[in-house]
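S.K.: Just so you know, we're using the UniProt record's numbering here: the sequence shown kicks off at 1 and counts up by one. Okay, handing you the structure first.
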Amino acid sequence: MIEKSTLEFLDDLRRNNYKEWFHANRARYDAARENVLDNAARLIEGINRFDPSLGYPDAAKSLYRINRNLRFSADKRPYKTHFGLVMNADGDRHSPLSGYYMHIEPGGMSAVSCGIYITEEKAASLGAIRRAIDTDWEEFSAIVDDPVFREYIGDLCREDRVLKRVPRGFRADSPAAEYLKLNHFYVWRLLPDSLVTGPDYISEALRLYELMKPLNDFLNRAIRP
């Protein structure tokens, strides 16, 4: 489970997001980071029981840096106020593959997630995923419309850069039209702090990841046939 001290560190960082404070609290950061990596290793072990294609990626290499990229941002706060870690078969957070994502953030904002967020380095995956959804619509819709999936996971996120029209090369009346408009393909299930810091965190996260596996499989077959 995630230690309460890990969430407390992140909450304090949110209120003291500057380098001097971070450096003075470096030991707290190191302890929180190790706590997250320990839980990630347990999740990787558990995921392999139902998805051996994941393998055993190095948790430390899968963890995103806590430093924010400030080059093109008006927000100059130097640090993220969460831990994020992606687990995929390449063992590389920059990989174009879909994967399982672990998000730790206080205030009920921790989450388990699965899929792919299309960044510039992953842009080649976008067209492949759209074509697969359009061509194999029956298979894809069976995954996202499954009643258990809908109840416990929900639908793909539509909060970021959704197109107003179906992209060029696809029929406007395609049954997959609303999914073809997406620029990112992932699901996101929030978890309360009480669960994340409790004894059932690992088992519940694994239960949800297993429900997400068919989506992960579909996306990765599209990206890397």
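We treat Cβ as the ideally placed atom computed from N, Cα and C, and that holds for glycine. On a predicted model such as this, the values are computed, not experimentally measured, just so you know.
Can you list, in chain order, the residues of its chain whose CB lies under 7 Å from that of Y209, leaving out five sequence neighbours each side?
M.R.: I47, Y100, V112 and C114
S.K.: In chain order, what are the residue ranges of uninterrupted alpha helix (DSSP H) at least 4 long that sit wholly in the stretch 1 to 30?
M.R.: 4 to 15 and 19 to 24
S.K.: Got a sec, what are the start and stop residues for the beta strand (DSSP E) I116 sits in?
M.R.: S110 to I116
S.K.: Can you tell me the Cα-Cα spacing of L215 and L156, whole angstroms?
M.R.: 10 Å
S.K.: Compute the Euclidean distance between the alpha carbons of F50 and D90, then round it to the nearest angstrom.
M.R.: 17 Å
S.K.: Suppose the cutoff is 6 Å on Cβ atoms and the five residues either side in sequence are ignored; what does the same chain contact list for F170 look like?
M.R.: D134 and L180
S.K.: Assuming A222 contacts A128 under a Cβ cut-off of 8 Å, what Cβ separation, rounded to an integer in Å, is found between them?
M.R.: 5 Å
S.K.: Could you give the residue range of the beta strand (DSSP E) that holds R224?
M.R.: Looking at the DSSP string, R224 is not in any beta strand (DSSP E), and its letter there is neither H nor E.
S.K.: Looking at the secondary structure, which residues open and close the beta strand (DSSP E) in which I104 lies?
M.R.: G99 to I104
S.K.: Specify the secondary structure class of Y152 as computed by DSSP and reduced to three states.
M.R.: helix
S.K.: Of the choices R77, A74 and I66, whose alpha-carbon is the least far from that of E105?
M.R.: Of the candidates R77, A74 and I66, the one whose C-alpha sits nearest the C-alpha of E105 is I66.
S.K.: Kindly list the residues whose CB is nearer than 7 Å to the CB of F185, restricted to its own chain and excluding five residues on each side of it in sequence; keep chain order.
M.R.: Leaving aside the five residues that flank F185 on each side, the residues in its chain whose CB is nearer than 7 Å to its CB run, in chain order, G115, I116, I129, L156 and L219.
S.K.: Please classify F170: does DSSP put it in a helix, a strand, or coil?
M.R.: coil
S.K.: What's the C-alpha gap between R189 and A24?
M.R.: 34 Å
S.K.: Using 8 Å for Cβ pairs, my map puts N17 next to P78. What's the rounded Cβ distance?
M.R.: 7 Å
S.K.: Per DSSP, what kind of secondary structure is G46 in: helix, strand or coil?
M.R.: Residue state, collapsed to three classes: helix.
S.K.: Roughly how many angstroms separate the alpha carbons of S73 and T119, rounded to a whole number?
M.R.: 16 Å
S.K.: Would you please state the rounded distance, in angstroms, between the beta carbons of T81 and R14? I believe it to be under 8 Å.
M.R.: 4 Å
S.K.: Please state whether the Cβ-Cβ distance between H103 and S95 is less than 9 Å.
M.R.: no
S.K.: Quick one: residues in its chain with C-beta nearer than 7 Å to the C-beta of residue 240, no 5 flanking neighbours on either side, listed in chain order?
M.R.: Only positions 1 to 225 of the chain appear in the structure, and residue 240 is not among them; the question remains open.
S.K.: May I ask you to report which of helix, strand or coil DSSP gives F72?
M.R.: coil
S.K.: Identify whether L182 lies in helix, strand or coil by the three-state DSSP scheme.
M.R.: coil
S.K.: Under 8 Å Cβ to Cβ from V187, same chain only, skipping five residues before and after it: list those, please.
M.R.: S113, C114, G115, I153, G154, D155, L156, C157, M212 and L215
S.K.: From the DSSP output, in three-state form, read off F189 for me.
M.R.: Position check: residue 189 holds Arg in this sequence, whereas Phe was assumed. In the structure shown, R189 sits in a strand (DSSP, three-state: E or B).
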